[in-house]
Structure formats: C-alpha cells, structure tokens
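Numbering (this note's numbering), first residue to last: 2 to 66.
Using N, Cα and C, we set each Cβ at its ideal position, and we do this for glycine too.
Remember, it's a predicted structure, so these values are computed and weren't measured experimentally.
One structure is given below, encoded as structure tokens.
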Amino acid sequence: MPTNATRLSDRQLKAVKATGKDFVLSDGDGLQLRVRASGSMMWNFNYREPLTRSRINLTQLPLVH
C-alpha cells in the first residue's frame, strides 16, 4: 500500500551536504536522491515488476538543475 511521502523542495535539495556517511532522501513514488559520503549525489528510481525489485540510476548531480 502506498505511503504519503513528503516531496523534496528545491530549497531542501540545495541544502544537502555530505555527512561522512551514505544516506538516501526519498521524494515518493520510488524517486530517491542517494548522497554518498564523498558528497556525490545520484537520482535513482526504484520500481517493482511482478517478481523482482529494480533500480534505475537516472543521473549524477550537478548535471540536473
């Protein structure tokens, strides 16, 4: 059953900083921003097929504005 996720705002995305650990910020409906300990960021889309879960890497930031 879907959950109501808080959407990430432009302000929140601009404020993201590396913390020394990998972490994930969810935008809902399978869209996630993965932040590495080094500070690199990547958008991922998680989806489910009937028998498997999959992830598509969309792009690394700062290519998307």
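Point to revise | Inter-residue spacing [alpha-carbon to alpha-carbon] between Met-110 and Asp-30 | key: For the chain, the structure presents residues 2 to 66; residue 110 sits outside this window and is missing.
Check your understanding: Can you give the Cα-Cα distance for Leu-9 and Ser-27, rounded to whole angstroms?
Key -> 8 Å
Exercise for review: Compare the beta carbon distance of Met-40 and Lys-22 with 9 Å and say whether it is the shorter of the two.
Suggested key: Per the sequence shown, residue 40 should be read as Gly rather than Met. Against a cut-off of 9 Å, the Cβ pair of Lys-22 and Gly-40 comes out as no contact.
Review point. Among Ile-57, Asp-11, Phe-24, Asn-58, which residue has its Cα nearest to the Cα of Ala-38?
Key: Phe-24
Practice item. Quick one: residues in its chain with C-beta nearer than 6 Å to the C-beta of Ile-57, no 5 flanking neighbours on either side, listed in chain order? Key: Phe-46
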